[in-house]
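Notes follow the structure.
Protein chains: 2
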Amino acid sequence: MDDIARERANSKLNTVEITNLLFGGEFIVQRMGEIRGMITSDPALQMRGYEFLDREDKYDRSVKLSTYLLKTKLSELGINHYLEKVQFFRESLGTVPPFDFTERIFYNTVNGQGTQEQKDKWLPLAGSGKILTCYAQTELGHGTFVRGLETTATYDSTTQEFIIHSPTLTSTKWWSGCLGIAATHGIVVARLITNGEDKGTHNFIVQLRSMENHEPLKGVIIGDIGPKFGFVEKDNGYARFDHFRIPRDNLLMRFARVDPDGTYTRRLSSKLGYGSMVQLRAFITFNTFEALARGTTIAIRYSVVRRQTQNRPGALETQLLDYTNQQFILIPLLATTYALYFVARRIIALLGETQAQLEQDNLTLLPEMHASSAGLKAVSTTAVSQGIEACRIACGGHGYSQSSGFPELYSNISASMTYEGDNNILLLQTARYLLKMVNELSHNPNHPLSDNVKYLTDNNCIHRPYSLIFTSSQQQLSLYRGMVRASVHRAHARVLDGEKRGLDTFDAWNQAAPELIQCAEAHTYYVIAKSFIESLEMSGVTNMCFENQRIMKKLSDIFSLHYMLQKSGVFIESGVIHGSDLVELREVLVSLFAEIRTEAVSLVDAFNYPDFVLRSVLGRKDGDVYRAMWDWVQDNPRNKHPDGVHPVYHKYVKQLLASKL
Amino acid sequence: MDDIARERANSKLNTVEITNLLFGGEFIVQRMGEIRGMITSDPALQMRGYEFLDREDKYDRSVKLSTYLLKTKLSELGINHYLEKVQFFRESLGTVPPFDFTERIFYNTVNGQGTQEQKDKWLPLAGSGKILTCYAQTELGHGTFVRGLETTATYDSTTQEFIIHSPTLTSTKWWSGCLGIAATHGIVVARLITNGEDKGTHNFIVQLRSMENHEPLKGVIIGDIGPKFGFVEKDNGYARFDHFRIPRDNLLMRFARVDPDGTYTRRLSSKLGYGSMVQLRAFITFNTFEALARGTTIAIRYSVVRRQTQNRPGALETQLLDYTNQQFILIPLLATTYALYFVARRIIALLGETQAQLEQDNLTLLPEMHASSAGLKAVSTTAVSQGIEACRIACGGHGYSQSSGFPELYSNISASMTYEGDNNILLLQTARYLLKMVNELSHNPNHPLSDNVKYLTDNNCIHRPYSLIFTSSQQQLSLYRGMVRASVHRAHARVLDGEKRGLDTFDAWNQAAPELIQCAEAHTYYVIAKSFIESLEMSGVTNMCFENQRIMKKLSDIFSLHYMLQKSGVFIESGVIHGSDLVELREVLVSLFAEIRTEAVSLVDAFNYPDFVLRSVLGRKDGDVYRAMWDWVQDNPRNKHPDGVHPVYHKYVKQLLASKL
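Top line first, the protein sequences correspond to chains C and H. To convert, count from 1 in the first sequence and add 454; that's the working numbering. To convert, count from 1 in the second sequence and add 454; that's the working numbering.
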C-alpha cells in the first residue's frame, strides 16, 4: 500500500460526517458533488495548461467561459440558487469571475441604499448580466479614509443632473474590479455638492460605457491599472470624470435625497448602510477558512508522500510529516482552519440578526458586530495569508513551482489583508470599541456587556490557576480572559498616561498603538478560541462519532495553546501563566501534534476538494505527485520547440557561443 | 516644499558618509555611479514597459541583452572586475541573468573540486561564456538529503567512460537554473559506481547540448520546469539521462580519483569541498541586506508621501510614517537592514579566513563557519522575506500593484528560504553544533570556545540585572547571552529527557525540534546583535560624524530590543527579564522610533538606489508617486486598444449584453 493510502487506512475518523458538518449537511454536499460533476464532464471547462497562459490569454479565457456560463450553461443545468452559481463560477473558471457577478457589490449597494423605485429599475439589470457593473470608491490618493475622497457630484437644478468630476490627479478612481475593461455601469462614490454646500460622500449610479459599442462615454476616461501580485488577469481599473452628467435620480436615495430644486434632506442614519460592509467582512472570514483548507490540504498530503533523510540504517527516508518541526508548522494551521470555520459560522449568524435589525432601522447590535467583524477580518486574513505561505515553504522547492497551486493561492488571499479595510486600522477600530466598554464600566459598573467582552467584569480570571491543566477548555478560556482583560487595561492605561503627559487626543491614542493593536488581536483570538470550544458542545459536533468529537477537542486545544505559546510573553505579562510553565506547554503541544498526526490526512480529506479544484500537483488525492509534476511540465509551451531548441538560440545564443571573447 | 523634500531638509545625517561605509568607500561608490551612468545612457538597456511583458518576452529580452552585454558592452566599457560585471548585469537586466554567469556555481565547483588540469581546461570556457553552464544536483524526489540522490555514474573501464543514468522518475534532475534552455554543459551530481561498488555522490562535468546546433545530445532529455512564484522567465530545468557516456576525466578529481582500471581512491576529506557551500550561504546574507534595503527604501519613502486620515480639524491628513503602528513595522526593519549589513561583512571576513585554511587542507574554522553561516542564512532569509512582505502590506493597496516593485522583490527573495538548504534544517544544524559544545564542556570545562558561544561558560549573564537599562548595549548583550544560554540548555535537557524515556537517538532529537530550532534562532539573533554593537566601535563607524554614530547606536538598540519584545516569552522564561519589564520595553522602543522617524528617509537614501534600479513607482526619490503610477499604466497594452474597447467585447461580451436571459 502506498504512503497516502496507508494514512487513510490508519485513520479512525468518519470523514463524511465532518464534510457534512462543514458544508451544511448531506444534501448540500451531494449537490456540490453534482455541480462538480457537471463541470468535469464539460470539455469546454477543462483547466489543463491554464498556468502557462499569459495575462491576456487568461482574461480571454475567463470572459469566454463566463459568457458561456451565463448565456447557456446555468439555465441548461438548472443552476439558479445564488450559492450554486457562486460555486459553479469559481470552480469552473478557476479564478475570480471577470464580471462583477459573484462579488456583486453594485447589486448589494443598490439593494441596501437604493429606494424601492431604484431597486426595481437596477437590480434586475445588474442581477442578470444585462449590464456589467463595478463599485468605484477608492481613489489614487485616498483609500481607507473615505471622508478624504475628492471626486465631486455637483447638482445642477437647471437640468436636474449631477455633474461627476475628477478635480485632481489623486481623485482618479483606482483599483475598482471590472472597471478596467468590462463594466458598463458603476457605483461611483463622490462628494455631493448642492446649492454650494458639500454634503459629504454619497453613492451614485454612473453609466461608463456605451451599450451600443462599449466605448467609454464622452467625459469618462477608463483604463486597466496593470498586473498585480495576484488576480493577474482581472481588469481592476481607473476612471477619471470630466464634468460628466448623470440624472438626479441616479443618486441612491434611501438615506438622503436631493429634490429637483436642489434641496438636500438626510432621511436616516447612514450607519444603516454599514450592513453591506460588515457583511463583506463576515464573509471574508469564511473565505479565509476555505483558502487555508486548500493550503493545508496541499501541504499535508505532500508531507506524507515526500520523504527526506534516512534517519535509521536500512530504513526508508522519513515522511516529512513525521518531523516534529513540520508538525509544528502544519498542525496548528490545520487547527486554525477548523477554528476559522466555527467562528465564521458564528459571525455570519450574528450578521443575520444585525441585518434584520437594520431593516427595522435598529442599530443595537451594530457596534458589537462591527467590532467583531473588523477584528476577525484582520486576524483571519493575516493568519491565513501567513499560514498559506508557511504551507508553501513547508513544501520546500516544489512549493515554489506554480504547479503546486501555492503561488496563486497566496498572492490572491494576501490581497484580503488590504481590501475592505487595512488590517491595522481595523484592529484599532476593535480596540476603540474595547476601550469604550472600559470607559462605560468606569461610569456604570452595571453597563450591559455583550458576551464577548464579559471578561472585563470577570474577576475569576486574573491569576494563574493553582493547578494548571492546559488541556482543560475551561482553564484555556479563563487564561485567555485574564490575558485579554489585562491587555485591554494596559492599552487603556497607556492612552490615559499619554493624556496625563499633555498629549492631545490623537497623539495619546497614536503612541499607544502597539498596546491597542495587541489587545484587539488578543480579544479576537479569544473570540475564536471561545467559539471553537463552545461549538464542541453544539449538536453539529455532539452528533458525530466519538472519535470525531475527540479529535475536534484536540484541535481546539491546539488552537488555544499554540497561540498561547506564540504570545507567551503577553500571557506571562498578564499574570495568567509563569515562564516556568512553558516547558510543559511545549510538551503538551508536541504530544497533541503526535495524536493529530495520524488523522491529518483524513482531516484535510474532509475539506472535500477534488483535484480539479485544488489544481495542485502536490495536493493530489492519490499522492502520485512526481508523475503529476512530470505530466504538468509536458504542457509547458517552452518544451514544444522543434528539436528541443528554443528560438533564443538562433536569435542570440548561437552568435554568442561562436564569438571570440 | 513637498513632503519628501522636507524630510530631507530636516535630517541631520551625513548620508554620503553612510553610503561610503555601506559600499566600501568613496571610490567604489563613485564607480557604481559611473556604471549606472553607462546603463542609463544606453537606449538598448531601458526597462520601460518591462512589467507588462509575459514570460517568453521577458526571457527573450534578458537573453538578447545578456548576449549584447557579454559580446560587446563589457569590453567596450572596460568592465572587467567581477563585482562590476555582477552589478552591470543585475542592474541592466533588472532580473537574474539567463546564463549561469553571475551565479557561476559551475565555475566555483570546478575551481574548488577540480584538479589543476581540469581547471586549466574548463575555467576559461565557463568564465568567458564560450560554454553555458548549470549545476544539476537536486532531483525530483530528492533535495536537502544529498545522500539520497539516485542518478548513477557507472564506470566502464573498457571504454574509460562513466555512464550517467536516471534509473527512476524521482531521479530526474529538477530545478537547475539555465538547464531548461540555455546550458550546454553542467555539473551533474551522481552516485559513482565502480567495480560494482557505490562510492556515494560525486561531481561530474556533463555536456548536455550540441555545440553545433544546441540540440540536446542523444541520451539526454531536457526541459523547462515551468513558471514559478518568482524568477518567472528563468529557465530552471529538468534532465533525464539514458545511459549517457562521458569521459573518465570529467569526474572532478581533487578529492577522489578513479584510475583507468576503475580503482577508486579518496584523496582528501570531501569536507574541504564545503568551501563553496558556506561561501554561497555567506553571500546570501549580504543579498538579504540588499533586498531589505530596497524594500525599506520603497516603503519608507512612500510612507512620508502618502497621507491618510485627517486627525485634527483643519489639518492635513497624517503622513503614514507618523502613525506609531507604521513605525512599529518599518523602523525595526530599517534597523534589521543595517544589522544584516554589519553581520554579512563579518561572515564574509570569517569566510575568507576559513577558505584560506581550506586551501591548506585545514578544517579548524569550518565547524564554526558552518554553524554561523547556516544559522545566518536561515534567519536572514526568513526575516527579510517576511520583512519585505510587511513593507508591501504597509503600503496598502498600491503595494499590491506590480508597479510598486514589491511583488517581484518578494517572490524572488522568498526562494532563498528554500535554496541552499531548507531553513529549518539549517537551524537544526546550528543547534547540533551548539549542543555539541555543551557536551564538550561537560567532559572538559576548559574546552576552547569560539567567541560566539562563550556565553556557555559565562555565569554573569544568567539573572536579571538589578537595575535594568534597556538602552545599554552591554546589558543588551548580557540579556541575550543569558537567554541563549538558557535556550541551549533547555534544548539539551529536552533531548536527554527523550533518551531517558527510552527514545532512540533520532526520536529524542526529533521531539526536541521546537527547543532546538528556538535555541538556534536565538543564538543567531545574538550573533547579529553582537556584531552590530561591536561594529559601532570599529573605525568605519567611529570615523563618521557624531550624528551618524548616534543614529547607528539607536538602530542597534532597536534591533536588539525589538527582537526582545517579539520573543519576550523566551527572555522571561530564561529569567533575564520579568513580565513587568515589558511596559518599559515598549515605551523605550516607541521613543526610539520617534527619534529614527525624522532620519528615516535619509537612512534609506543612504542605500543609494536610483529609481531605475528600484523600479518602483512608490519608491521614487522625488516622491511624485501618483504621477508615476499614472504614467506607468499608460504603457499598459490593455489601454491601447482602438476606441478604448478590448477585443473580448467583440468576441464575447457583445452577445452577452444583447442576449435575453
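C-beta atoms are modelled at their ideal positions from N, C-alpha and C, and glycine is treated no differently.
Quick one: list the residues of chain C neighbouring residue i, beta-carbon separation under 9 angstroms, in chain order.
i       : result
I416/H  : No information on residue 416/H is available, as it lies outside the stretch 455 to 1115 that chain H covers here.
D1097/H : N667, H668, E669, P670
Note down, in chain order, every chain D residue with its Cβ under 8 angstroms from the Cβ of residue i.
i      : result
V517/H : No chain D appears in the structure shown, which is made up of the protein chains C and H.
Along chain C, in chain order, which residues have C-beta atoms closer than 8 angstroms to that of residue i?
i       : result
H897/H  : By Cβ distance, chain C contributes nothing, its closest Cβ being about 26 angstroms from H897/H, past 8 angstroms.
V1087/H : G677, D678, I679, G680, Y692
Establish whether the CB of residue i and some CB of chain H are separated by less than 7 angstroms.
i       : result
A967/C  : yes
W629/C  : yes
M871/C  : yes
V1044/C : yes
L528/C  : no
R1040/C : yes
N878/C  : yes
Could you give the C-beta distance for residue i and residue j, rounded to a whole number, given that I count them as a contact under 8 angstroms?
i       : j      : result
R944/C  : C973/C : 7 angstroms
I1012/H : I971/H : No, I1012/H and I971/H are not in contact; Cβ-Cβ is about 25 angstroms, not under 8 angstroms.
D1076/C : E669/H : Actually they do not touch by this definition, with Cβ atoms about 36 angstroms apart.
F1047/C : I785/C : 5 angstroms
L922/H  : Q929/H : 7 angstroms
A967/C  : Y777/H : 7 angstroms
L1188/C : V838/C : Given that chain C is displayed from residue 455 to residue 1115, the structure contains no residue 1188/C and the question cannot be resolved.
Residue i to residue j, Cα distance in whole Å?
i       : j       : result
T763/C  : G602/H  : 7 angstroms
L880/C  : L524/H  : 52 angstroms
Q484/H  : K527/H  : 20 angstroms
L1115/C : G859/H  : For L1115/C, the predicted structure reports a pLDDT of 49, less than 50, and the residue's modelled location is therefore unreliable. A value from the coordinates is still provided. Distance between the alpha carbons of L1115/C and G859/H is about 35 angstroms.
F1066/C : A637/C  : 30 angstroms
L950/H  : F924/C  : 24 angstroms
D696/C  : S1070/H : 29 angstroms
T624/H  : Y1080/C : 7 angstroms
T1052/H : M486/H  : 28 angstroms
I783/H  : K584/H  : 47 angstroms
A885/C  : L577/C  : 37 angstroms
P551/C  : A1082/C : 27 angstroms
R502/H  : S516/H  : 14 angstroms
K725/C  : W628/H  : 57 angstroms
Got a sec: is the Cβ-Cβ distance from residue i to anything in chain C below 7 angstroms?
i       : result
L1115/H : Low confidence applies here, because L1115/H scores a pLDDT of 49, under 50, leaving its location unreliable; read the following figure in that light. At least one chain C Cβ lies under 7 angstroms of L1115/H.
S1070/H : no
P670/H  : yes
S1022/H : yes
L547/H  : no
D508/H  : yes
Assign residue i to one of two classes, buried (16 or more other C-beta atoms within 10 Å of its C-beta) or exposed (fewer than that).
i      : result
T469/C : buried
N893/C : exposed
C999/H : exposed
N445/C : Beyond the ends of chain C as shown, which are 455 and 1115, falls residue 445/C; an answer cannot be given.
K908/C : exposed
V600/H : exposed
M992/C : exposed
Can you pull the chain H residues whose beta carbon is under 7 angstroms from the beta carbon of residue i, in chain order?
i       : result
S857/C  : G680
P701/C  : Going along chain H, no residue has its Cβ under 7 angstroms from P701/C, so there is no contact; the nearest lies around 21 angstroms.
P767/C  : Within 7 angstroms Cβ-Cβ: nothing; P767/C doesn't reach chain H, min ~11 angstroms.
N1093/C : G677, D678
Residues of chain H with a CB under 8 angstroms from the CB of residue i: which are they?
i      : result
R955/C : Those do not exist, as R955/C stays about 11 angstroms from chain H at its closest Cβ, beyond 8 angstroms.
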